[in-house]
Amino acid sequence: GESVGLHLPTLSVQEGDNSIINCAYSNSASDYFIWYKQESGKGPQFIIDIRSNMDKRQGQRVTVLLNKTVKHLSLQIAATQPGDSAVYFCAENLVRSQGNLIFGKGTKLSVKP
Amino acid sequence: SAVISQKPSRDICQRGTSLTIQCQVDSQVTMMFWYRQQPGQSLTLIATANQGSEATYESGFVIDKFPISRPNLTFSTLTVSNMSPEDSSIYLCSVGLARKEETQYFGPGTRLLVL
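Protein sequence lines, in the order shown, are assigned to chains A and B. The first sequence begins at 18 in this note's numbering and counts up one residue at a time. The second sequence begins at 681 in this note's numbering and counts up one residue at a time.
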């Protein structure tokens with residue numbers, strides 16, 4: 018289940034299960050969204066992106082869903098593996114230009130073997 | 681994506697001193713950015729490093745505290761000046777590639793502890 022920790026919401030899942038990480042974004046004018054994965058001691062790693070003219074995009078084992086009506090973004094990870102354990106951030110781009118990435122608070126995913 | 685390196689990877693500094701962090705990219709990029717990530721927190725944009733001109737700073741960040749250089753299309757530095765313990769953070773550079781400008785790719789970060 019999902020719980021709020023001292024700093025980051027934490028999602029704990031069993032290896033092999035599917036994970037769903039949620040993000041509420043702030044600006045209805047945002048037109049581009051990115052999910053990043055940050056492992057301990059590393060910089061954020063690009064996972065998948067989606068533009069506002071789409072509501073779903075699939076990658077390898079990951080799917081991003083976008084609901085513009087409620088300004089909600091989700092990342093689904095299929096068959097979660099221990100290597101998926103990390104902090105996941107969503108980011109929104111306010112306008113079609115660089116530098117305007119606004120990051121969400123992040124969710125810590127913990128995968129139990 | 682591009683290969684991005686940062687130096688130093690970590691440092692422990694005394695208050696009142698300054699530290700310059702380097703960011704090197706393996707290819708020419710149009711945009712370079714500097715972020716701060718405080719312990720257990722998300723990322724906050726400090727500034728956009730502009731090649732050949734002064735950096736563009738976000739609200740709450742000033743040039744005197746965080747001077748930035750960008751002498752060419754593959755290199756940038758961020759200096760954290762007159763440090764205090766509140767500056768203890770991870771400092772990250774990111775780049776935007778010409779073929780897909782909105783997407784930013786990040787370096788490994790510099791972990792700074794100020795005593």
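We put the CB at the ideal spot given by N, CA and C, even for glycine. Every value quoted in this text rests on a predicted model; they were computed, and no experiment measured them.
Cutting at 7 Å between CB atoms, please list the residues of its own chain near residue i, excluding the five before and the five after it.
| i | result |
| --- | --- |
| ALA41/A | LYS88 and HIS89 |
| ALA805/B | What is shown of chain B runs 681 to 795, which leaves residue 805/B out entirely. |
| ASP48/A | ARG68, SER69, ASN110 and ARG113 |
| LYS85/A | SER69 |
| GLN98/A | GLU32 and VAL128 |
| GLU56/A | ALA103 |
| SER698/B | THR759, VAL760, SER761, ASN762 and MET763 |
| ARG78/A | ILE94, ALA95 and ALA96 |
Does the beta-carbon distance from residue i to residue j come in below 8 Å?
| i | j | result |
| --- | --- | --- |
| ASP66/A | LEU82/A | no |
| SER91/A | THR27/A | no |
| SER689/B | GLN704/B | no |
| GLY58/A | LEU772/B | no |
| VAL742/B | SER764/B | no |
| GLU738/B | LEU725/B | yes |
| SER722/B | GLY121/A | yes |
| GLY720/B | ASN762/B | no |
| THR728/B | PHE746/B | no |
CB-CB under 6 Å to residue i, same chain, minus the five flanking residues each way: which ones, in chain order?
| i | result |
| --- | --- |
| PHE50/A | ILE67, LEU90 and GLU109 |
| THR700/B | THR757 and THR759 |
| LYS125/A | LEU25, THR27 and VAL104 |
| LYS54/A | GLN62, ILE64, ALA103 and TYR105 |
| GLY123/A | LEU25, VAL104 and PHE106 |
So residue i packs on residue j, CB below 8 Å; how close in whole Å?
| i | j | result |
| --- | --- | --- |
| GLN718/B | SER769/B | 5 Å |
| SER43/A | ILE119/A | 6 Å |
Return no unless some Cβ of chain E is closer than 8 Å to the Cβ of residue i.
| i | result |
| --- | --- |
| LEU723/B | Here chain E cannot be found, since the structure's protein chains are A and B. |
Once the 5 residues before and after residue i are set aside, which same chain residues still bring their CB inside 8 Å of it?
| i | result |
| --- | --- |
| ASN730/B | THR736 and ARG750 |
| LYS687/B | ILE701, GLN702, GLN704 and THR790 |
| VAL30/A | SER36, THR97, LEU126, SER127, VAL128 and LYS129 |
Run the proximity test for residue i: is its beta-carbon closer than 7 Å to any non-hydrogen atom belonging to the ligand FMN?
| i | result |
| --- | --- |
| GLN75/A | The model depicted lacks the ligand FMN and carries no ligand whatsoever. |
Problem - Segment contact, 8 Å Cβ cut-off, at least three pairs: the segment 86-105 of chain A with the segment 752-761 of chain B - result: no
Exercise for the section: Just list the beta strand (DSSP E) runs in the segment 32-70 of chain A, keeping only unbroken ones of 3 residues or longer that don't cross its boundaries, in chain order. Expected result: 36-41, 49-55 and 62-68
Practice task
Would you list, in sequence order, the uninterrupted beta strand (DSSP E) runs of no fewer than 3 residues that lie entirely inside the segment 721-763 of chain B?
Solution key: 723-729, 748-752 and 755-760
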